[in-house]
Every structure is written in C-alpha cells, then in structure tokens.
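Enquirer: Got a structure for you, questions after.
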Amino acid sequence: MNDISVGTDDYGWAVGNGMVYFTSDAGENWLKQEAGLPPYNWNFIFYVEGSGGQKGFLSNGGSLYRTNDAGVTWAAVMLGEYTTSTKEMMVFSGGELLLMGSNKILRSTDDGENWNLVLEPPANLTSMTFPIGQTGWASSADGTIYSSTDGGANWAAIDNLPFTDKVQISFVNNNLGFACEGKNIFRSEDGGQSWSLISENALSSFPNDFKAGGESNLYATKGFRINYSTDGGVTWEYTGGVSYAYNMEKIHTLPDGRAWVGGSYGAVIYTEDPVQSWADQLDGVKDKLFFIKFFDGQTGLAGGGDWALLKTIDGGQTWQDITFPHDEFENLKDALLLSDQSYLVAGRGTIFKTTDGGSNWDEVLSGIGNYMSKLVQTPSGTIFASSENTNIYRSQDEGQNWTISYEGTGSNWINSIYFIDDFIGFASGRDGTLLKTEDGGESWGNQDSGTDKNLLDIAFFDANTGLVALDNWSDSLLYTQDGGLNWTTIGMPGTAIYRNFCFLNETKGYVTAAAAFSGGIYKTEDAGQTWELIRSTSLGIHDLEYYFDGEFDHLWASGDGGLVEYWTNMVVGTNNRSFTKQAIDIFPNPSDGLHLTINWPENISDEVNLNCYNVYGQQIFTKTLNTDFSIVPLPGQLVQGNYFITITDVQNKTVYTHKLVVVN
C-alpha cells in the first residue's frame, strides 16, 4: 500500500496500485472497493475525520477524487487552472479545504468547487501539518518552514531556521513539533520558531516519510526499514515490519499511539507499540513464492518465504494456505509431488514429507545446516536433492531414506540439479561449480564452466544442449552444445537475474527472471539460440511449471508478493473442442477498457457469445452480442493488463480468438 488514512472514529481507507480498501474498525477488517475507479497507482488517501466513514479524497498524483458515500461512488475534483500532485489535505470545521501539492498549496471555501492559490514557494513542498484547529505548518525541500494561524489562508516563512536541505515536519500540538533533515532529528517547543538538534545521524538517509505519533513515538520510513523512536526522537531503532515488504511508504498516526505504514505487496502494517509488535492487517500470502510444482493439471503446491506453502486441487483456480506452524523465519526452496497426496518440500537443512495431502509432515532428512535448494526425480523414480552445504543427496524410496551421492568441499554450494535420463545428470553451484554424472549419481566429475560466478539453475534440452543461469544481473546465459565439455554465452534480449528454466521438449523452453522491482518470462523455440520476452511484470518471477493434458498446454508461474499466474492455450470449453479456431480483428488495441470495435467476418451468425479471460485463466465477463453492431461496450472499465477474448459462433462451429491489451 502507498498510503493509509484512519480516523479516531476507526473509519478509513488504504490505497495502492489499483487497490482501494475501506475499514470501519481501524483495520481489523478491510473491504476492497471497486467503485468504478480507474486502475491507477493511488498514492494519496485522506479520510475526513468525523464524517462517519462517508467522506474521503484520493489521488494518483495527477487526478483527485472524492466520495461522500463511504466509497460507493467517487467523483473527480477539478482544481481549476491549477495543476499539482496531491500530497496532503486538511478539512476544517467550517468546511474549508486545504490541499498541499508538490509545489503549491490550494484552498477552497466552497467544498472544492473553486480553489485559490495561497502558497507557491520556490522549492517543492514536503509536508503539511495542522494538529489542532487553524494553526499549521508546511515544509519544503530547501529547508524553509511556513506557518499559518488561519487555516492556511495566509502563510509566512519562519526566519532563522537551522535547515538548509529537505526538511519534513510533524507537530503533536501547537507548540511541540519534530523535524527531520536528512539523517538528523530536531525538536521545537515554541511552535516552530526555534529548533534544537536532538539526534544526529539518527537515520541512514533521507526518509520517504516522517511522522510523530504523540510526544514520544516518532516514525520514519526508508526502503525496507521502519525507523522508530519511543523517547521523543533521542534514540532510534528499526524493524522490517513484515518479512516480505521491501519498500515502506507513507506513515499514518493517531494521537492514541496507533500507527500504520503502507508497504509493498499491499501490506497494511500496524502497531500499537513499535517495540513489541508489527502486523499486516490485510490478509493474504505475500512472501516470495520460490517454487510452483504440479503433480497433474489439478494438484499443485507453491511455496517460499517465511514457510509460506499453498495448495491447489483445481488447477490453481483456488489456493489453500497449508503453511507450517513455525516460530522462526525460514524459507522453503522447492517441492516435488509424488502423487496427489504425497509431497516432498525442501527447507533449511530439512526435507519434509507428507502422505496425506499436507495435513501431517515428517522430517525425512534433517540436520543438514544450510538450505536444501532443489529436488528432482529421474524417470525411474530416484530422487536427488541439492544442498547449500555442498552435498548432493539421493533417495530410492520416494524420499523416506537418503544417502550422500556427492560430498563437496569448501563453500561450493550446489544450487541446482538436472537429470536428462536415469544416468546422465548435471549440477550447478557457487563459484562456477559444474558437476556431471553418467552413472545415475554413483560418481560426479567436475566440468569447467569458464566462470567463477555463482551459478543458479541448470537444464538441458537433450544430452548435448544445455544452459545455466548466472546469479547476478546479466545479459546472457551459459550455453553448451557438447554435453558440458565446453561452455560459452548466449545473449539475452534484456539484462536481468535469470532464475529457473522450464523446458518442454528438445527445442521449446522458458526461463524466469526476478529482481526487487521487476520480473519476466522469456521463451525460446530453437533450443536456447534465441530468446523472446513474453511476460514482463513489476514483481519478480521465480519459477515456472508446465503440464500437458494431452491436448492443451498449461503454465503456472510464481514470484514475489505471493504472485501466482496461469496461462493456457485452451481457449474453448469441452463442448467446443471440435470447433474451428480463427483470429478476428478487434480494435483499438491497446484499448481503454471501456469498449471494443469488432470487424465481423461476412459469414458470422446474427448472435455470438463473447468471453473475456485474464492472464490467470479466470473469466472476467461473458455476454451475448448482436453482430449487427460493431461497437461493443464493456461491462465497466477493465483494469489495465492483458486479456484473452473468445467469440463463439455456435451456428457455424467457429471460435474466434484475440489477445487484448488494456491501457488506462
């Protein structure tokens, strides 16, 4: 989440990228609101205190919207001749509105119908605070602080301040205030007229946001850190809040000590005591999902950070959280499904096994120390596990008992294993480690990778052609055409951290990419000679699983923030598989998500059925169309993204398909 605003009456909102959530109980429960809003990256929300949950404002930086009915509907607010990016707001008892933008402050005395410019400083504004009544302050990026005693109608710069750089302020009352300039914390007890340095180098760098939550508790966010002080800013500690939020955004505090911080992956991080506990109020698995594995097209597991483990029995349409009970943070690295009830899961120094679909688990290999990084099974059923303790383990009884297949030395962790058949296998690891076996793991020999970089995943199209992913930002993969005797590099269409391979046959395959702020899926159809980016996201993609049901392909991807995506080339129902499939022209494409124009073929029936699916294979809507009309209004505005359109002509036994891109 980017911003949170909750009142002392416990009503409020939290907003993020395409997300608007409402609460009536201070966040114990959050309700997602659709409300016909465009799918913007909302970065500002303001709840009007005392409105009984009815009134609020939100913005994506450029556009401002308001609600008077608890978010059921939102209407655009026009700022007249002024343009600015909304950062803060105030609503006063007389109904006056005050809006702080990035470079100006606007004021309205008629509930937002008209706006007047009341402050336009030479430097960008950083914060605005009105703790009690009409008295308030605003700060700017050049260290200037402005004060107002009439609800923002007039402003005056305060002289002789110690600040020369970007400063952020937060006042507790009309006398006591705190300021953050860079890494330093200041305190004022006279309404901002004078300031004293109370903590030098308290923070690591300029914070994203800075707020006081009373006379004692102060908060500052930066990166994955929530910095906090419980002694009025003299000493500081920091927490990660939750394990998965790599970026902390805006802070919201109440006078009674409650505080919220918006975090990545939709985190609404809440505390009543920053020393004791922080928790995400918005339910859901948001940790990294390092793996996604299926036994068949129905039963699958996805798992990763902080013991996160999800299970599906319907091909990924729904997921059940079967996360282990645990006390300490650990990651799960990989899984292997032996049947629809029997699974192996690799964690830190341990391999777990269940034979009842995940209700009960046994440790079948433990005490290894470092993470078990990969689980693979040969065609005859032998299972191999790689470990970051440099060893490779082997089981010939479905994981009940394990022996050491390869005993490494030093710090050459083994990150991945791949078997072509029952005998020929490869392993990759730290410092350029490459191993090969030709006798089913009885012995392993070293290969020269030609690099001392850490190697992640390894996979082969056949006995000769294979690739290795490097554990760093790279624009290439390692490539061999002679069974690993010699390795060279194959260029990639982009620079990324390539994670895991998924090869379908001797020529077609995929590789995933994951970093802190980006992810992707790349495809090859010539055994790795050339690659094409087919999926790009703001979330890292760690793993990819493929299943062929005898007629159609199915792909599942997992990644950061609890990401699970699904793709299939099955675009018609079972009853329509005998139909002819054809393309059809739909425009504009990209679309605004409000309507489509379709060029109907000459022989099309008078009435056809349109279905729209998202990238997860979920049906978004269906409607019957009269082909006398080429313009098709959509039921509400589609959220920005990729969709698949199918149009079924039952009379002519034809299914028309088209990929639709929506950009709002």
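Mapping of the sequence shown onto the numbering used here: position 300 corresponds to residue 296, and the numbering continues sequentially without gaps. Backbone N, C-alpha and C fix where the C-beta goes; we use that ideal spot for every residue, glycine too.
1. How is tyrosine 261 classed by DSSP in three states: helix, strand or coil?
2. To the nearest angstrom, how far is it from the Cα of threonine 485 to the Cα of aspartate 453?
3. Which runs of the beta strand (DSSP E) at least 3 residues long sit entirely within the segment 204 to 264? Give them in chain order.
4. Glycine 3 and glutamate 45 - do their beta-carbons sit closer together than 8 Å?
5. Alpha carbon to alpha carbon, how far is glycine 262 from asparagine 585? Give it in angstroms, no decimals.
6. Would you give the residue range spanned by the beta strand (DSSP E) that tyrosine 389 belongs to?
7. Closest to serine 273 by C-alpha separation, out of Asp358, Trp256, Gly228 and Phe286, would be which residue?
8. Are the segment 489 to 507 and the segment 452 to 470 touching by the rule of at least three beta carbon pairs closer than 8 Å?
9. Quick one, which of Ala459, Leu333, Phe348 and Gly188 has its alpha-carbon nearest asparagine 156's?
10. Under a three-way DSSP split, which group does aspartate 302 fall into?
11. Hey, out of Asn223, Leu333 and Val341, whose CA is closest to phenylalanine 320's CA?
12. Who are the Cβ neighbours of isoleucine 141 in its own chain at under 8 Å, not counting the five residues just before and after it?
13. Let me check understanding here. Comparing Cα to Cα, which of Asp581, Ile582, Tyr543 and Leu630 lies closest to asparagine 565?
14. Enumerate in chain order the residues of its own chain whose CB-to-CB distance from asparagine 120 is below 8 Å, with the five nearest sequence positions on each side excluded.
15. Measure from the alpha carbon of tyrosine 367 to the alpha carbon of each residue in Ser382, Ser376, Pro375 and Gly377, then state which is nearest.
16. State the Cα-Cα distance for the pair tryptophan 527 and asparagine 64, rounded to the nearest angstrom.
17. Entirely within the segment 411 to 447 and at least 4 residues each: give me those alpha helix (DSSP H) ranges in chain order.
18. When the Cα of alanine 72 is compared with those of Ser89, Met96 and Gly108, which residue comes out closest?
19. Is it buried or exposed, histidine 591, if we count other Cβ atoms within 10 angstroms and call 16 or more buried?
20. Give the straight-line distance between the Cα atoms of threonine 623 and glutamate 603, rounded to the nearest whole angstrom.
21. Classify glycine 557 as helix, strand or coil using the three-state DSSP reduction.
22. According to the Cβ coordinates, are leucine 431 and glycine 446 closer than 8 Å?
23. Using beta-carbon positions only, say whether glycine 219 and methionine -3 come within less than 8 Å of one another.
24. When DSSP labels each residue in this structure, what does glutamate 268 get in the three-state scheme?
25. Smallest Cα separation from glycine 12: which of Phe40, Glu326 and Lys307?
26. Work out the CA separation of glycine 173 and leucine 111 for me, nearest whole Å.
27. Can you tell which of Gly637, Asp330 and Glu24 has the C-alpha that lies nearest to the C-alpha of glutamine 373?
28. What do you get for serine 439, buried or exposed, if any count of 16 or more other CB atoms within 10 angstroms of its CB means buried?
29. Apply the 10 Å Cβ neighbour rule to serine 123 and answer buried if 16 or more other Cβ atoms are within range, or exposed otherwise.
30. Below 6 Å CB to CB, which residues in the same chain sit around alanine 304 once its five sequence neighbours on both sides are set aside?
31. Among Thr620, Gln277, Met96 and Gln337, whose alpha-carbon lies nearest the alpha-carbon of glycine 354?
32. For a minimum of 3 consecutive residues, which ranges assigned as the beta strand (DSSP E) are wholly contained in the segment 77 to 133?
33. Assign tryptophan 151 to one of three DSSP states: helix, strand, or coil.
34. With 16 other CB atoms within 10 Å as the buried threshold, where does threonine 314 fall?
35. Comparing the C-beta of proline 203 with each C-beta of chain B, is any distance below 8 Å?
Expert: Working from what's here:
1. Taken through DSSP and simplified to helix, strand or coil, tyrosine 261 comes out as helix.
2. Cα to Cα, the separation comes out at about 15 Å.
3. Qualifying beta strand (DSSP E) stretches, in chain order: 205 to 208, 214 to 218, 221 to 225, 233 to 235, 244 to 249 and 255 to 259.
4. Yes. Within cutoff.
5. One C-alpha to the other measures close to 29 Å.
6. According to the DSSP assignment, tyrosine 389 belongs to the beta strand (DSSP E) that extends over 388 to 391.
7. Taking each of Asp358, Trp256, Gly228 and Phe286 in turn and checking the Cα distance to serine 273, the smallest one comes out for Trp256.
8. Segments in contact, yes.
9. Cα-wise, what sits closest to asparagine 156 is Gly188.
10. In the three-state reduction of the DSSP assignment, aspartate 302 falls in the helix class.
11. Ranking Asn223, Leu333 and Val341 by Cα distance to phenylalanine 320 puts Val341 first.
12. Cβ neighbours of isoleucine 141 beyond the five flanking positions: Trp133, Ala134, Ser135, Ala153, Ile154, Leu157, Phe159, Val163, Ile165, Ala175 and Gly188.
13. Relative to asparagine 565, the option among Asp581, Ile582, Tyr543 and Leu630 whose CA is nearest is Tyr543.
14. Spatial neighbours of asparagine 120 in its own chain (CB-CB distance under 8 Å, excluding positions within 5 residues in sequence) are listed in chain order as Ser98, Asn99, Ser136 and Ala137.
15. Comparing alpha-carbon positions, the option among Ser382, Ser376, Pro375 and Gly377 lying closest to tyrosine 367 turns out to be Ser382.
16. In this structure, the alpha-carbon of tryptophan 527 lies about 51 Å from that of asparagine 64.
17. Runs of the alpha helix (DSSP H) inside the segment 411 to 447: none found.
18. If we check each option's Cα against that of alanine 72, Gly108 comes out closest.
19. The C-beta of histidine 591 has fewer than 16 other C-beta atoms within 10 Å across all chains shown, which makes the residue exposed.
20. Note on geometry: alpha-carbon atoms of threonine 623 and glutamate 603 lie some 6 Å from one another.
21. Residue state, collapsed to three classes: helix.
22. For the 8 Å CB-CB criterion, leucine 431 and glycine 446 do not form a contact.
23. Going by C-beta atoms, glycine 219 is not nearer than 8 Å to methionine -3.
24. Correct three-state label for glutamate 268: strand.
25. Nearest neighbour of glycine 12 by Cα position, chosen from Phe40, Glu326 and Lys307, turns out to be Phe40.
26. Residue identity differs from the one stated: residue 111 is tryptophan in this sequence, not leucine. In a straight line, the C-alpha of tryptophan 111 is about 29 Å away from that of glycine 173.
27. Considering only alpha carbons, the answer is Asp330.
28. The residue is exposed, with fewer than 16 neighbouring Cβ atoms inside 10 Å.
29. So serine 123 ends up on the buried side.
30. For alanine 304, same chain residues with a beta-carbon under 6 Å away, outside a window of 5 residues either side, are Val281, Asp283 and Thr319 in chain order.
31. The shortest C-alpha separation from glycine 354 is found at Gln337.
32. Here the runs fully enclosed are 84 to 87, 93 to 96, 101 to 104, 112 to 115 and 121 to 128.
33. Three-state DSSP puts tryptophan 151 in coil, outside helix and strand.
34. Exposed, since its Cβ has fewer than 16 Cβ neighbours within 10 Å.
35. Among the protein chains of the structure shown there is no chain B, as only one such chain exists.
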